[in-house]
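Some notes on the structure that comes next.
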Amino acid sequence: MIGWDIGGVNTKVARVAGRDVVLVRARPYELQRAPDALASVLRELASEVGAGAPATHAVTMTAELSQIFRTKRDGVAFVLDAVASAFPSSAIRVFAVDGRFLALEEARRTPLAVAAANWAATAQAIAQHHPDALLVDIGTTTTDIIPIVDGAVAVEALTDPDRLASGELVYTGAVRTPAEAIASHVPLGGKMAGVSAEGFALAGDVHVWRGDLDPNDYSAQTPDGRPATREFAGERLARVVCADRDLLDEAAVSSIAGALAGAQVARITAAIERVLARHPSLRTAVVTGLGAFLGDAAARAAGLQVVLLAGELGDAAARYAPAVSVALLLERALAGSGVEPDGADLTARGESLAAFGAPNAAAALGTPFDGRCIPAPPQRGCRVGDPGAGCVAPPSNTPGILGRRALPAGRLARLGATPDFHHGLLKLRTTTEAAQAFRPAVPDGTVIVDTVVKLGGGLLAYVEHFDAALATIAAAARAHRLLIVPGGGPFAATVRAVDGRLALPDDAAHWMAVLAMDQYAHLIAARLAGGVLVAEPCEIAAALAEGHVPVLAPTRWLRDADPLPHTWDVTGDSIAAWIAGAVGARRLVLIKPPGATGSDVMDAYFPRALPPDVASVIVAADQMDAIKPALGVSRSTFIGGPNRSAPE
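Numbering (my numbering), first residue to last: 14 to 661.
Below, the structure is given as structure tokens:
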């Protein structure tokens, strides 16, 4: 069985046999640049996966949206003609968004039924193995967020326009999204600079620079035509603020890339939360696609446990999940009908429109097929592509795939992960469970401080505003129990720069950045009236009892608890959020550099680190009118529950 996912810029193929994934292949191919080559591309890819003639082909597509076509009807017809031309002696079935498989002529007559249906194929297959989950599939261009409830695909919309309106489709991806479509402002020299809308850089540049994307997976043409290497990615990112690498150092480029990555994660997180609001029972996200690293971060930020589909199918098969899924679904359907998928002329059997799939639209994306379509876990250990393998590989066995984020057992244990040997997956405890596991020995309901104030390191570039913020904090501390948590500032920027040059291990970079916070804490304590350096909860209480303002050097405490991931997605913001919960604070005030506005100025992990009973307020250091009430609001305001706010 041969499965196809034919897109406007990438075409993917999978060969399956007996519910095992044998081979997968993909090829960057921009349809509008060479439309007449599509049939040849299909034949070449079929040959690469060992497809014989005749064979049975299951097809799904998104290529109809290419700008070469004036209508989707034209695009669907073009793709179907190319498939028929490429495989004239084979049986071809086209997956419809309502779960059916249609013959070519029926697909031509109902083009909108088969247009952009690849997400439905993946969700249909995932539902067999994960009956209650949120599918998050991030490719080069788009993100699909698909709820699965009680084994049924429970979407609100089926067409792309309606899916965009529902939040189940987000037009952001790991490679092709322009920087200006991700964020309007990025940090630059302690300020927020507007992003130039000139197509200077893509998401692929962001993620290659940060090490989340293998340059070989940067499948789009780069904006400047230069290679997709980290060096040139940095040059393209510098141009986002109309600069170049002569003007911006590694730390500045990393700051821009981090802001863009964080904004992308935040946008996906917001869409996930919107879909979850309609399905509050869902607790697990199944994450897949080339941009799985984005989906992983966003799903965790939304409070979901994450299952990486690569752990079940192998990295390559999970990356091209629609092609794999459509092949598995058709194989299952044919097996259930008693038809052997050997390329025989199925139309001679007199099939009806619903011969393979749901009998009517009401059944739609429910459960037209039973049983598991995803290969069983014991078959996961063989290498994708071995001759006659009949099974799939874990990521480390897949040639040409960048191995990422393999964590040592001790690190997994600190994150609350335990091996589930039945499924061969990692199961993570919920955020609440993990946070409770690392809370200090403070009795429930005990409040050490009223408010945690996180003082951003970027303020050091603005000495006047820095001193004004310290004066305001000192005044507020006369009436309220405050704890000051430092950012990393230029001290952490040095660590980032070294990491950019030497690619430090995650653990080393994490603790070096935390030590940078200690350095800033020493500076604050020396400059803040009444400030005193503290390192753990008992010292905080003692300092307050003596009328001092405690300034936390967090390394010792964090070393003992180690509650947060070791990644650049975690900065002083997330550390302050965790500390606020640990000391029983009811609010967290984050003081940012002048000009900083909006919730996207926090790090990507912040929504996950902030306890639900802690209110967060973000203020810029040049907004003294906002800082004073933020620090001086009576604690009783918050007793009834959280009161979060973030100025737009």
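The beta carbon of each residue, even a glycine, is placed where N, CA and C say it ideally should be. Since the structure is predicted, the reported quantities are computational estimates derived from the model, not experimental observations.
Cβ distance (whole Å) where residue i is taken to contact residue j below 8 Å
{"i": "A214", "j": "L250", "result": "5 Å"}
{"i": "V62", "j": "I19", "result": "Not really, about 14 Å apart at Cβ, beyond 8 Å."}
{"i": "S294", "j": "D145", "result": "7 Å"}
{"i": "L662", "j": "T153", "result": "Residue 662 lies beyond the range of the chain shown here (14 to 661); nothing can be said about it."}
{"i": "A340", "j": "A27", "result": "5 Å"}
{"i": "T75", "j": "A129", "result": "5 Å"}
{"i": "R540", "j": "L483", "result": "6 Å"}
{"i": "M205", "j": "G470", "result": "Contact doesn't hold; Cβ gap of about 15 Å is too wide."}
{"i": "V188", "j": "A246", "result": "So it is not a contact: roughly 11 Å between Cβ atoms."}
{"i": "L472", "j": "P606", "result": "6 Å"}
{"i": "F504", "j": "A529", "result": "3 Å"}
{"i": "P240", "j": "G212", "result": "So it is not a contact: roughly 18 Å between Cβ atoms."}
{"i": "A526", "j": "V508", "result": "5 Å"}
Paired residues, beta bridge with residue i - DSSP
{"i": "Q318", "result": "T297"}
{"i": "P17", "result": "Strictly speaking, residue 17 in this sequence is Trp, with Pro absent from that position. DSSP output for W17 lists V26, V72 as bridge partner(s)."}
{"i": "F504", "result": "F504 is not bridged to any residue."}
{"i": "L557", "result": "Paired residues: none, contrary to the question."}
{"i": "A165", "result": "V162"}
{"i": "R106", "result": "A71"}
{"i": "A628", "result": "R600"}
{"i": "D150", "result": "D157, T301"}
{"i": "I497", "result": "V466, V564"}
{"i": "P191", "result": "L215"}
{"i": "A633", "result": "K605"}
{"i": "L182", "result": "D157"}
First and last residue of the uninterrupted alpha helix (DSSP H) at residue i
{"i": "H535", "result": "519–540"}
{"i": "P160", "result": "That residue, P160, is in no alpha helix (DSSP H); its beta strand (DSSP E) goes 156–162."}
{"i": "V266", "result": "263–291"}
{"i": "I588", "result": "585–595"}
{"i": "P620", "result": "619–622"}
{"i": "V219", "result": "216–223"}
{"i": "D480", "result": "476–489"}
{"i": "I139", "result": "131–142"}
{"i": "R176", "result": "173–179"}
{"i": "L58", "result": "51–61"}
{"i": "D87", "result": "85–99"}
{"i": "A331", "result": "328–332"}
{"i": "V253", "result": "Careful: V253 lies outside any alpha helix (DSSP H) and carries neither H nor E."}
{"i": "L666", "result": "No answer is possible for residue 666: it lies beyond the span of the chain, which begins at 14 and ends at 661."}
Local Cβ density within 10 Å of residue i, reported as buried at 16 or more and exposed below that
{"i": "H478", "result": "buried"}
{"i": "N131", "result": "buried"}
{"i": "D257", "result": "exposed"}
{"i": "V476", "result": "exposed"}
{"i": "T84", "result": "exposed"}
{"i": "N229", "result": "exposed"}
{"i": "R238", "result": "Going by the sequence as given, residue 238 is Gly instead of Arg. Per the 10 Å Cβ criterion, exposed."}
{"i": "R599", "result": "buried"}
{"i": "E118", "result": "exposed"}
{"i": "L515", "result": "exposed"}
{"i": "G413", "result": "Note that G413 scores 29 on pLDDT, short of 50, meaning its location in the model is unreliable; the coordinates nonetheless yield the value given after this. Its Cβ having fewer than 16 others within 10 Å, G413 is exposed."}
{"i": "R280", "result": "buried"}
{"i": "Y231", "result": "buried"}
{"i": "L260", "result": "exposed"}
{"i": "P576", "result": "buried"}
{"i": "G21", "result": "buried"}
{"i": "P381", "result": "Any reading at P381 must be qualified, since the residue scores a pLDDT of 35, below 50, and its modelled position is unreliable; the value itself is stated next. P381 should be labelled buried."}
{"i": "G275", "result": "buried"}
Residue i: first and last residue of the uninterrupted beta strand (DSSP E) it sits in
{"i": "L664", "result": "The displayed coordinates of the chain run from 14 to 661. Any statement about residue 664 would go beyond what the structure contains."}
{"i": "A600", "result": "Correcting the residue identity first, residue 600 is Arg in this sequence and not Ala. Start and end: 600–605."}
{"i": "T464", "result": "464–468"}
{"i": "G544", "result": "544–547"}
{"i": "S232", "result": "Counting along the chain, S232 falls outside any beta strand (DSSP E), and DSSP gives it neither H nor E."}
{"i": "G207", "result": "204–207"}
{"i": "H198", "result": "198–201"}
*Would the segment 76–84 and the segment 40–53 be scored as touching if the rule is three or more Cβ pairs under 8 Å?*
yes
*Does the pairing of the segment 538–546 with the segment 557–567 give three or more beta-carbon distances under 8 Å?*
yes
*Counting Cβ pairs closer than 8 Å, one from the segment 618–627 and one from the segment 482–495, do we hit at least three?*
no
*Decide if the segment 214–230 is in contact with the segment 170–182; the criterion is three or more beta carbon pairs, one per stretch, under 8 Å apart.*
no
*Indicate whether the contact test is met: 3 or more Cβ pairs, each with one atom in the segment 614–625 and one in the segment 573–591, closer than 8 Å.*
yes
*asked:* Within 8 Å, do at least three Cβ pairs link the segment 196–205 to the segment 329–343?
replied: no
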